[in-house]
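First the structure, in the form of structure tokens, and then the observations on it.
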Amino acid sequence: MVSVINPQAFCPNYTKAGSSRAGFYIACFCSASFLITHTNAEPIEAHASRKVAAPYLHIGIDPRIELLTTVQLLGQYRYLTPYRVDYARDIIIHFSKYQHHQAISIFRNLSSGQGWSDIYPTAMLYLSAPPELEVTGPIPPYIYHAFAGPENFLRFVQALRDFAHQTHFNRFFARQERLYILLKYKLNESIAQVDLVDLTEAYFGTRQASYHLLLSPLLHHGGFGPHIGSPGGPYDVYTLLGPTGALLGVPEYGPPDQLLQIIWHEFSHAFINPLSERHYPELMRHEDLYTPLSEQMGQIGYTRWLDCANEHLIRAVAARLTHHHIGPEAGRQALRDESGRGFRYIHALARRLEEYENHREVYPTFASFFPRLIAVFAEITD
């Protein structure tokens, strides 16, 4: 049995990739960039002076994530979609005779006794397409530690590689093309009126390397928000989206307002997580603020103050983006909803963000305002 070490024990100021709880892409673009860059993220003004366009939003279905969720489904992983989708039935029909494959038993052991985790899908983004699944760049230490060391991580990858070969996974993936194209088309319809990348980067005042919106029919309701790159960025930013419902066995993503809020939430991780990690000492001075929230936070997977504080910040930003681009009442409702989920400090953070929005000549980037924003926690403590 493979034991799992909590990555946060190894790196205390590591923050979760997050959840609001093709080459690679079918019918959308030919290849994704996994090169690790060593250039710090630049303010948008620096790019504007060079007339560099905002990164394009790549939308599609990724075979690496589908391979992982196939193994998770066969391993009876409990944190997948709660909706009845025909895609799950198709997987069972195609792959059921491989239920005793080593990849499934390794994953069962990895996830046994563990709660929800973003580590597994994030790890897949460091690999090439199946069946090769070659490591494409340096693996972050927190991923190795989640797998109890590089040897166990590589053992799992080798088992996935063998599973993909034995089961002819790529044939199954190709046969699902009609579904994938339908999902991408419907999602494009839902977000066609909003330039998600431009609005996000305008708010943060910083440009990232690329943006990828990956639909996955078996992921949980909501999404994950990993970002790939060297410390300081710019990052390859991902939103991995699970269905928000199902109709006649077909995954649904929507309604549009809910979808936009999920994507803003997940994209925000790439901008806010690194800042929370950088300001770890300041945030941890106020860890007593976690105590009155601990019961509700623990129920949704945020068992540490750092993750709780980080999620407060992300949800406050998503609510402000909702306020500006969906409507003031929608923004206020988002704040009420988040407060009801246990994020009790979100109203104070949202009020402070209004100061940022009204004084962009003083604070051209979110990073420049961040110390002023997290000072809210000190004010609540006092």
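Using the numbering used here, you'd call the opening residue of the sequence shown number 21 and step up by one each time.
Beta carbons are placed, not taken as given, at the ideal position from N, Cα and C, and that holds for glycine.
Note that the C-beta distance between GLY245 and HIS285 is below 8 Å. LEU87 places its beta carbon 8 Å or farther from that of PRO141.
Taken atom to atom, the span from the alpha-carbon of LEU355 to that of ILE283 is near 16 Å.
Under the three-state reduction of DSSP, THR342 is assigned to helix.
Around the beta carbon of ALA398, fewer than 16 other beta carbons lie within 10 angstroms, which makes this residue exposed. By alpha-carbon distance to ASN330, the top candidate from THR342, TYR310 and HIS343 is TYR310.
The continuous beta strand (DSSP E) containing ASP256 extends over residues 256-262. Residues of the same chain with a CB within less than 6 Å of the CB of ALA123, apart from the 5 flanking positions on each side, are VAL91, ALA179, LEU180 and PHE183 in chain order.
In the three-state scheme derived from DSSP, where H, G and I count as helix and E and B as strand, SER148 is classed as coil. The region 246-256 makes contact with the region 290-307; the number of CB pairs closer than 8 Å reaches 3 or more. When the alpha-carbon of THR226 is set against those of THR156, ARG305 and PRO294, the nearest one is in PRO294. In the structure shown, the three-state DSSP call for THR226 is strand. Distance from the CA of ARG352 to the CA of SER132, rounded to the nearest whole angstrom, comes to 39 Å. Annotated three-state conformation of TYR365 is coil, per DSSP.
For ILE394, the enclosing alpha helix (DSSP H) has its first and last residue at 386-401. In summary, THR187 is buried, with 16 or more beta-carbon neighbours lying within 10 Å of its beta-carbon over all protein chains present. In the DSSP assignment, PRO271 forms a beta bridge with ALA266.
Here LEU303 is buried: its Cβ has 16 or more other Cβ atoms, across all protein chains shown, within 10 Å. By the neighbour-count criterion, in which 16 or more other beta carbons inside 10 Å mark a residue as buried, HIS120 falls on the exposed side. DSSP places HIS188 in no alpha helix (DSSP H); its state is neither H nor E.
Of the other Cβ atoms in all chains shown, 16 or more fall within 10 Å of the Cβ of GLY80; this residue is therefore buried. Boundaries for PHE244: no alpha helix (DSSP H) harbours it, while the beta strand (DSSP E) harbouring it runs 242-244, taken from the DSSP string.
By the neighbour-count definition (other C-beta atoms within 10 Å, threshold 16), ASN172 is a buried residue. In the structure shown, ILE248 falls within a strand segment according to DSSP collapsed to helix, strand and coil. Counting only the Cα atoms, THR385 lies some 33 Å from HIS240.
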